[in-house]
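When the letters of the sequence shown are read in order and numbered with the numbering used here, they come out as residues 373 to 724. Note that CB positions come from ideal geometry on N, CA and C, so glycine has one too. Heads up, the thing below is written out as structure tokens.
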Amino acid sequence: MSLAPVLVHGCRTSLPSVSRRAAFLLGFWLFALGVCQAQDEPRWALVIHGGAGGLVDAGDSEINQRRRASLEEAARRGSEILAEGGTALEAVETVIRHLEDEVAFNAGVGAVMNAAGIHELDASIMDGDTLRCGAVAGVTRVRHPISAARIVMNETRHVLMQGAGAERVAGEAGLEMVDNTFFTAPSMIPLRDRLRAGKEAEQENDHKGTVGCVALDRAGRIAAGTSTGGLPGKLPGRVGDSPVIGAGTYANSATCGVSCTGTGEEYIRHAAAHSVSMLLESRDMSLEEAVSNVLRERLKPGDGGMIAIDYRGEIRADFTTDSMAWAAAASDGRFEVHVGESRGEDGADSSR
Numbered sequence: 373m374s375l376a377p378v379l380v381h382g383c384r385t386s387l388p389s390v391s392r393r394a395a396f397l398l399g400f401w402l403f404a405l406g407v408c409q410a411q412d413e414p415r416w417a418l419v420i421h422g423g424a425g426g427l428v429d430a431g432d433s434e435i436n437q438r439r440r441a442s443l444e445e446a447a448r449r450g451s452e453i454l455a456e457g458g459t460a461l462e463a464v465e466t467v468i469r470h471l472e473d474e475v476a477f478n479a480g481v482g483a484v485m486n487a488a489g490i491h492e493l494d495a496s497i498m499d500g501d502t503l504r505c506g507a508v509a510g511v512t513r514v515r516h517p518i519s520a521a522r523i524v525m526n527e528t529r530h531v532l533m534q535g536a537g538a539e540r541v542a543g544e545a546g547l548e549m550v551d552n553t554f555f556t557a558p559s560m561i562p563l564r565d566r567l568r569a570g571k572e573a574e575q576e577n578d579h580k581g582t583v584g585c586v587a588l589d590r591a592g593r594i595a596a597g598t599s600t601g602g603l604p605g606k607l608p609g610r611v612g613d614s615p616v617i618g619a620g621t622y623a624n625s626a627t628c629g630v631s632c633t634g635t636g637e638e639y640i641r642h643a644a645a646h647s648v649s650m651l652l653e654s655r656d657m658s659l660e661e662a663v664s665n666v667l668r669e670r671l672k673p674g675d676g677g678m679i680a681i682d683y684r685g686e687i688r689a690d691f692t693t694d695s696m697a698w699a700a701a702a703s704d705g706r707f708e709v710h711v712g713e714s715r716g717e718d719g720a721d722s723s724r
């Protein structure tokens with residue numbers, strides 16, 4: 373009986389010629405098994421927002437281009453971390469740090485000023501696997517507030533720290549500290565001059581927004597984070613929803629992660645981010661239904677938007693304002709960026 377060389381799972385071997393059909397079937401089975409294993413590989417997902425608000429003027433292409441490029445790069449960085457098996461927390465912090473360094477957003481560099489012409493920055497982050505969380509409010513010298521929030525979570529027994537105390541903790545942990553003028557982008561100088569002259573802030577910065585990120589990693593862990601400069605011309609000391617866990621940020625790996633953007637006072641009153649999680653848990657709603665319920669049944673029209681990912685990897689970006697800048701990526705090959713696009717008739721944008 374002659375022997376015929378064949379390939380089995382990448383190895384060359386010799387089998388009796390009568391076994392060629394069996395070898396073919398074995399090879400096909402191994403190939404199919406590999407495909408199934410690839411399909412069963414734990415998935416990851418990422419969604420980012422750059423704030424909800426009015427539409428950017430059509431002629432304001434520079435801001436559109438900067439926001440789009442920054443969101444795309446942030447999504448790429450977060451995707452690389454998740455695809456390589458990194459944690460959701462790492463992805464969220466990395467994404468938001470990148471956005472805090474972009475003047476086209478109201479977070480970090482480019483953040484708006486309070487009524488005294490000072491930048492007061494807020495941020496929060498939450499680990500949905502342990503429910504541990506950290507936040508900072510009213511910091512004026514921390515270059516990356518999102519990292520300060522993570523330090524509060526990891527290195528103190530507290531959840532929310534504000535002002536000089538938060539800055540002291542951040543500085544002792546080695547975070548970069550800067551002068552407050554570091555955050556003043558050229559586009560903010562007219563606003564600063566008006567505020568220092570005792571005039572009210574105009575709404576020209578409506579197109580600049582809070583930034584946030586939600587991620588699901590391959591281990592099934594969900595994390596969420598949000599960072600902002602707050603309302604232009606706000607009273608010194610005002611704190612919005614972004615650093616308030618349950619209002620602007622929430623994560624629970626058993627349900628979902630949420631980051632919000634909009635009228636902070638309303639999101640605080642309705643515990644908006646946590647409400648989405650509770651609707652998934654108590655009313656057996658889908659992520660799309662829960663997000664829509666909070667935005668349209670609890671909040672007022674035009675209050676803002678939110679991004680979310682549930683434990684299955686479903687992504688939702690929804691808003692009731694004219695527009696919301698956002699991006700999404702996932703292990704199934706999804707990668708998309710939206711800037712300056714208006715909402716549909718029902719206000720919903722994307723669910724998948």
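As assigned by DSSP and simplified to three states, the class of residue i
i, result
"Asp721", "Its pLDDT being 49, under 50, Asp721 is placed unreliably in this model, and the value from its coordinates should be taken loosely. Strand, per DSSP."
"Arg350", "It is not possible to answer for residue 350, since the shown part of the chain is limited to 373 through 724."
"Ala643", "coil"
"Met657", "coil"
"Asp704", "coil"
"Ser355", "Residue 355 falls outside the range modelled here, since the chain spans only 373 to 724, and no answer is possible."
"Asp565", "helix"
"Gly584", "strand"
"Ala538", "helix"
"Ala591", "coil"
"Arg415", "coil"
"Val648", "helix"
"Val524", "helix"
Beta carbon of residue i nearer than 9 Å to that of residue j
i, j, result
"Gly422", "Arg439", "yes"
"Glu472", "Ser599", "yes"
"Cys632", "Leu659", "no"
"Leu671", "Tyr639", "yes"
"Ala595", "Met498", "yes"
"Gly601", "Gly584", "no"
"Met560", "Met657", "no"
"Val475", "Ala689", "no"
"Gly482", "Ser695", "no"
"Asn526", "Gly506", "yes"
"Gly676", "Phe691", "yes"
"Ser496", "Ile617", "yes"
"Gly457", "Arg590", "yes"
"Arg655", "Ala662", "yes"
"Val550", "Gln534", "no"
"Gly674", "Glu637", "no"
Per DSSP, the bridge partner or partners of residue i
i, result
"Trp698", "His421 and His710"
"Lys606", "Asn486"
"Tyr622", "Val630"
"Met533", "Val508"
"Met560", "According to DSSP, Met560 bridges with nothing at all."
"Thr600", "Asp494"
"Asp682", "Cys628"
"Gly676", "Gly634"
"Met549", "Val514"
"Ile617", "Thr621"
9 Å Cβ cutoff, residue i in contact with chain C
i, result
"Val711", "The displayed structure is made up of one protein chain only, and chain C is not part of it."
Fully enclosed by the region 439-516, which beta strand (DSSP E) runs are 3 residues long or longer?
493-499 and 505-511
Given 8 Å as the limit, is there contact between the region 454-468 and the region 518-535, that is, 3 or more CB pairs closer than that?
yes
Closer than 8 Å is the cut-off here; do at least three beta carbon pairs connect the region 444-458 with the region 691-710?
yes
With three or more beta-carbon pairs closer than 8 Å as the criterion, would you say the region 480-498 touches the region 508-515?
yes
Is the region 617-628 touching the region 499-508, taking contact as three or more C-beta pairs under 8 Å?
yes
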